[in-house]
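Data block below; observations after.
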Amino acid sequence: MVVLLAVMVVRTLMLSPAPFDAGQAPALPQVDPDHTAQLLARAVRIATVSPDEDHPERTEAMRALHAQLRTDFPRVHQSLSPEVVDELSLLFHWTGSDPSLEPILLIAHMDVVPVEPGTEGDWTRPPFSGDIADGVIWGRGTMDDKTGVVGILSAAEHLLEQGFAPRRTIVIALGHDEEIGGGGAKALAALLEQRGESFAYVLDEGGAIVTETIPGLEHAAALVGVAEKGYASIELSLRAEGGHASMPPPTGAIGRLATAVTRIEAEPMPREIRGGTQMMLDGIAPYTGFGMRLALANQWLVRPILARVLSSRAASNATVRTTLAPTIFKAGIAGNVLAAQADAVVNARILSGDTIEDVLTHVRTVIDDPEIEVRCGDDCWEPSTVSDADAEGFMVVRRVITHVFPDAITVPYLVVGATDARHYAAVARDAYRFLPIRMQGADRKRMHGTNEQMTVDNFADAVRFYMAVMALGAG
147 MVVLLAVMVV RTLMLSPAPF DAGQAPALPQ VDPDHTAQLL ARAVRIATVS
197 PDEDHPERTE AMRALHAQLR TDFPRVHQSL SPEVVDELSL LFHWTGSDPS
247 LEPILLIAHM DVVPVEPGTE GDWTRPPFSG DIADGVIWGR GTMDDKTGVV
297 GILSAAEHLL EQGFAPRRTI VIALGHDEEI GGGGAKALAA LLEQRGESFA
347 YVLDEGGAIV TETIPGLEHA AALVGVAEKG YASIELSLRA EGGHASMPPP
397 TGAIGRLATA VTRIEAEPMP REIRGGTQMM LDGIAPYTGF GMRLALANQW
447 LVRPILARVL SSRAASNATV RTTLAPTIFK AGIAGNVLAA QADAVVNARI
497 LSGDTIEDVL THVRTVIDDP EIEVRCGDDC WEPSTVSDAD AEGFMVVRRV
547 ITHVFPDAIT VPYLVVGATD ARHYAAVARD AYRFLPIRMQ GADRKRMHGT
597 NEQMTVDNFA DAVRFYMAVM ALGAG
């Protein structure tokens with residue numbers, strides 16, 4: 147035991163950050179925080195809730211945003227060959243001078259989630275006001291994802307004004323319905339593939355700069371998503387004999403399906419540290435306190451314990467296993483009638499290394515009821531591949547983070563939600579997911595929630611980030 151402890155301590159003391167040369171900071175135009183804040187505020191005031199057939203006014207709102215972007219970014223629209231794709235998505239090409247260099251693809255989405263009815267009065271400022279007060283821009287979309295849209299276009303406008311000419315082609319793709327599946331991004335990607343265009347990497351939203359979020363980490367961390375989980379709507383259906391509720395069988399359709407759902411919750415899929423989560427733990431290890439560093443430096447010995455600890459909290463549990471969450475249950479037509487049909491939906495977020503078929507097999511085994519049909523619904527896709535954290539794209543993002551956010555370490559990680567980046571897998575060799583904003587614990591609740599907001603200085607830094615990506619990545 148003494149020898150084992152000595153080995154663990156020595157491995158811990160030897161763990162140190164690998165040297166990284168960020169190079170010289172690019173010379174960039176000055177950013178006026180107040181002016182860029184006004185640009186974001188004007189975009190927020192247009193309620194571009196994801197369009198659908200039942201709400202034609204949302205389509206008009208998206209077109210109104212297009213018009214606002216044309217007004218606010220005239221040089222971009224004059225010089226970058228704008229195209230409208232799939233009626234409401236936007237595509238821009240900034241042609242580089244060296245065709246031998248692979249282009250880069252910057253993406254964001256213009257749509258936002260709706261404000262939950264009845265919660266409007268809970269907002270400090272109206273959700274689509276775009277108010278700017280005390281250094282804060284208020285409104286739906288300030289975080290997700292009009293910071294990306296306006297930030298990218300602001301960066302391009304500034305660089306065009308200064309006469310910047312990229313050596314490498316830069317393509318900007320702005321989807322219009324990411325929040326409801328990303329049909330616009332699919333159309334954009336299909337068009338690029340049809341034209342034979344391919345990219346060294348794509349940069350989308352995803353991670354952010356977080357503090358006090360990862361236990362034991364003593365630094366701000368810029369989490370750059372190198373992978374995202376897969377997704378499946380697992381549909382459960384059971385047909386049974388209906389009839390009068392006064393003469394019920396021992397267990398009816400509702401009871402049997404409820405039992406199946408309870409078993410799914412009680413028997414989760416196995417936990418395992420791998421892929422983007424493994425890369426994140428390796429990345430933060432040298433920057434943690436001694437106790438955490440001891441564990442991370444000796445994963446060969448404590449990996450099962452570490453996985454168990456991570457699975458004990460909802461946020462970190464999602465990074466070490468495929469999660470299964472019952473989200474819909476439908477059955478019955480009247481209070482005195484036995485249900486002849488019961489249906490449920492279980493939402494699966496699939497860990498890298500697992501597959502949709504693995505999830506279906508697990509669910510069928512766990513519920514152990516051959517009369518319950520288990521199938522994948524319309525919304526199902528496999529996990530993304532894990533992008534290379536040593537490749538050019540990640541290095542560009544890391545260098546830019548080092549220059550713009552010098553207090554933050556750059557760490558690869560697994561995105562547990564879904565982004566538009568997955569739609570570009572056929573045209574981009576690597577995909578990185580990072581929104582250049584600082585997020586505290588309360589900010590995570592505001593995204594898609596009440597009081598979504600962005601500080602003026604935070605957004606100015608986001609514009610600087612995108613300018614530096616363009617200058618370093620394509621200059």
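Heads up, the sequence shown is in my numbering, so the first residue is 147 and it goes up one at a time. Beta carbons: idealized from backbone N, C-alpha and C, even for Gly.
query, result
"Assigned secondary structure, S530 (DSSP; H/G/I helix, E/B strand, else coil)", "coil"
"Straight-line Cα distance separating V492 from A394", "Residue identity check: residue 394 is Pro in the sequence provided, not Ala. If I take the Cα positions, the gap works out to 27 Å."
"DSSP bridge partner residues for F475 (one or two, in chain order)", "A490"
"C-beta atoms of S225 and L306 nearer than 7 Å", "yes"
"Rounded C-alpha distance that separates Y377 from I326", "13 Å"
"Inter-residue CB distance, L581 and T465 (contact presumed, cutoff 8 Å)", "Incorrect: roughly 18 Å between the Cβ atoms, too far for contact."
"One or two residues paired with W240 in a DSSP bridge", "I316"
"As assigned by DSSP and simplified to three states, the class of H365", "coil"
"W269 (DSSP reduced to helix, strand or coil)", "coil"
"I479 to P202 span [Cα, whole Å]", "32 Å"
"Inter-stretch contact at 8 Å, needing at least 3 Cβ pairs: the region 394-406 / the region 515-530", "yes"
"Cβ-Cβ distance between A301 and M616 below 7 Å", "yes"
"Residue burial classification, Q176 (beta-carbon count within 10 angstroms, cutoff 16)", "exposed"
"Sub-7 Å separation of A319 and I410 beta-carbons", "no"
"CB-CB length for A431 against R439, believed under 8 Å", "6 Å"
"Cβ distance (whole Å) where V348 is taken to contact A577 below 8 Å", "5 Å"
"Classification of E351 by the beta-carbon crowding that lies within 10 angstroms, buried from 16 upward", "buried"
"Coarse secondary structure for L234, derived from DSSP in three states", "coil"
"Coarse secondary structure for E339, derived from DSSP in three states", "helix"
"Inter-residue spacing [alpha-carbon to alpha-carbon] between I451 and D291", "37 Å"
"Minimum C-alpha distance to S530 - residue among A173, L618, E374 and R157", "E374"
"Nearest-angstrom Cα separation, counted from V543 out to R459", "30 Å"
"Host alpha helix (DSSP H) of Y612 (start-end)", "V602 to A620"
"Length of the line joining the Cα atoms of V190 and I278", "11 Å"
"Residue interval of the beta strand (DSSP E) (run including L145)", "Nothing about residue 145 can be read from this structure; the chain reaches only from 147 to 621."
"Beta carbon of R313 nearer than 7 Å to that of S243", "yes"
"Sequence-distant residues of the same chain with beta carbon closer than 7 Å to A311, five excluded per side", "S243"
"Close-in-space but distant-in-sequence residues of the same chain around Q599 (CB under 7 Å, 5 per side omitted)", "V282, I283, W284, T288 and R592"
"contact_flag[the region 544-556, the region 596-615] where n(CB pairs < 8 Å) is 3 or more", "yes"
"The region 249-267 contacting the region 584-591, beta-carbon criterion three pairs below 8 Å", "no"
"H212: first and last residue of the uninterrupted beta strand (DSSP E) it sits in", "H212 -> not in any beta strand (DSSP E); alpha helix (DSSP H) instead, spanning P202 to D218."
"Buried/exposed call for P220, threshold 16 Cβ in 10 Å", "exposed"
"E503 - containing alpha helix (DSSP H), residue span", "I502 to I513"
"Beta-carbon contacts of P260 that lie in its chain and below 7 Å, excluding the five residues immediately before and after", "V195"
"Counterpart residues of R286 in DSSP-defined beta bridges", "DSSP output for R286 lists no bridge partner at all."
"Backbone CA spacing between G435 and A441 [nearest angstrom]", "10 Å"
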